[in-house]
Each structure stands twice: as structure tokens, then as C-alpha cells.
Amino acid sequence: MPPGTWVQPNPSWPDIFLPVAKHGQGELYAFDEEGVVLTTELGYGYYPVSLGDVIPVGKIAKLRVMRKLGWQNGSTVWLFSNEGTGPNDWPKYVALKIETAFYTCIPSLEDDCLENITKNATNGSEFCLKLLAHEKITSVHGEHRVFVTPVTGPSLWALAAQYPTSVIKNVVSRTT
Numbered sequence: 000m001p002p003g004t005w006v007q008p009n010p011s012w013p014d015i016f017l018p019v020a021k022h023g024q025g026e027l028y029a030f031d032e033e034g035v036v037l038t039t040e041l042g043y044g045y046y047p048v049s050l051g052d053v054i055p056v057g058k059i060a061k062l063r064v065m066r067k068l069g070w071q072n073g074s075t076v077w078l079f080s081n082e083g084t085g086p087n088d089w090p091k092y093v094a095l096k097i098e099t100a101f102y103t104c105i106p107s108l109e110d111d112c113l114e115n116i117t118k119n120a121t122n123g124s125e126f127c128l129k130l131l132a133h134e135k136i137t138s139v140h141g142e143h144r145v146f147v148t149p150v151t152g153p154s155l156w157a158l159a160a161q162y163p164t165s166v167i168k169n170v171v172s173r174t175t
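Now the structure itself:
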């Protein structure tokens with residue numbers, strides 16, 4: 000099996016799929032830091048993503064996975080290359096937040112909030128995250144909400160690990 004293929008390692012585990020990282024005389028499964036093998040019923044259901052995958056976002060674009068940017072218990076965030084199939088005003092690289100199937104089942108106002116911020120430019124809105132698109136995609140776990148946004152900089156936590164508190168306070172005071 001080629002790397003990036005998702006397989007069911009044991010038929011007695013009907014909801015567990017693992018990515019093949021290497022093949023040869025036996026499969027080696029890649030485990031990421033989040034519970035990618037945990038099912039929707041257990042409160043997860045991550046969308047299975049492998050580097051190099053092309054993921055269609057509705058009829059809008061086909062995006063290629065470049066690298067993982069982060070994760071939390073309800074979603075993963077990935078850097079995607081816009082292969083020229085997206086709208087002309089999209090940047091070459093975009094971030095894709097893919098919610099777990101479990102979180103997609105929970106009503107959310109995130110898409111409405113981001114859409115309102117994007118459409119209604121007001122004083123200070125240039126500092127807010129812009130929504131390029133939102134769709135639903137399907138995996139073995141069910142439906143997943145997807146948010147396409149421009150790529151942003153590091154989080155305040157990442158900056159705090161590299162810079163003194165005085166620098167962080169300065170950054171925050173200029174953006175609030």
C-alpha cells in the first residue's frame with residue numbers, strides 16, 4: 000500500500016482507520032498527536048488528511064495539502080496550496096480549518112461571524128480573520144465543516160515562547 004492510504008488494520012475495529020506512512024515487509028502506521036483514530040461516537044471523527052492530498056472545497060476550488068499548522072480537540076488546521084483552481088482573489092496559500100465530524104453536528108455561529116466580519120468592513124476589521132469560503136466535506140466519519148481563510152501569523156502563545164513579555168504587550172496594544 001502506498002503512503003497516505005487509509006486502511007482498516009483490524010476488521011473487528013469497524014470505525015478505526017490508520018494512515019500508512021511507509022510500506023514494505025509490513026505496514027507502518029503514522030500516529031499524529033491528536034486522536035485521528037477516535038470515532039465520531041467517542042466525540043472526535045477527524046477528517047483523514049495526508050500530505051499531498053488534493054481536497055475539493057465544493058465547486059469552488061481544489062486545494063493541495065502542504066503541511067499541518069495546528070490542531071485542537073474539535074478541528075485540525077492545514078496549510079493548503081491553491082492550485083490555481085480557486086477564485087482569482089485567493090492567495091497562493093490558504094489555511095483550511097477542518098472540524099471533526101462530532102463538532103460539525105453541533106450548531107455553530109463561527110461561519111456566520113466570520114462571514115459578517117468579511118462582508119462588513121468596519122474600523123479595525125482589517126485585523127480580523129477573513130473568511131474566503133466555508134463548505135462541508137465528507138469522510139468515513141461523516142460530514143465536516145471546512146473554513147478557508149488566508150494564512151495568518153503565529154499565535155500569541157508561540158510569540159510568548161520566543162519574546163519577552165514587554166514585546167508581547169506591545170504587540171497586543173497595537174492590535175486592540
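First residue of the sequence shown: 0, per numbering that gives the first Met the number 0; consecutive thereafter. Think of the CB as a built atom: it goes at the ideal place given N, C-alpha and C, for glycine as much as any other residue.
Next on the checklist: Looking at the strands, I want to know which residues DSSP matches up with I167.
Outcome noted: I167 is not bridged to any residue.
Checklist entry - Is the CB-CB distance between I136 and S124 below 8 Å? => result no
Next on the checklist: Taking 8 Å as the limit between beta carbons, can you name the residues of its chain near Y102, skipping five residues before and five after?
Outcome noted: G73, S74, R144
Checklist entry - Quick one: is L50 buried, meaning 16 or more other Cβ sit within 10 Å of its Cβ, or exposed? => result exposed
Next on the checklist: Runs of 3 residues minimum, wholly inside the region 107-166: which ones carry the beta strand (DSSP E) assignment?
Outcome noted: 132-138, 141-149
Checklist entry - Can you round the beta-carbon distance between T99 and G44 to whole angstroms, since I take them to be within the 8 Å contact cut? => result 5 Å
Next on the checklist: Considering only the alpha carbon of each residue, which of E82, P86, L95 lies closest to V48?
Outcome noted: L95
Item to check | Unbroken beta strand (DSSP E) run spanning Y43, endpoints | outcome: Note, Y43: premise wrong, no beta strand (DSSP E); not H, not E.
Checklist entry - Between the Cα of K67 and the Cα atoms of L158, V150, Y162, which residue gives the shortest distance? => result V150
Item to check | Inside the region 67-94 only - alpha helix (DSSP H) runs reaching at least 4 residues | outcome: none
Next on the checklist: Please list the terminal residues of the continuous beta strand (DSSP E) segment that includes V48.
Outcome noted: Premise fails: V48 is in no beta strand (DSSP E) and is neither H nor E.
Item to check | Inter-residue Cα distance where the pair is D88 and P153 | outcome: 23 Å
Item to check | Buried or exposed (CB count within 10 angstroms, at least 16 for buried), Y46 | outcome: buried
Next on the checklist: To the nearest angstrom, how far is the alpha carbon of S107 from that of L113?
Outcome noted: 11 Å
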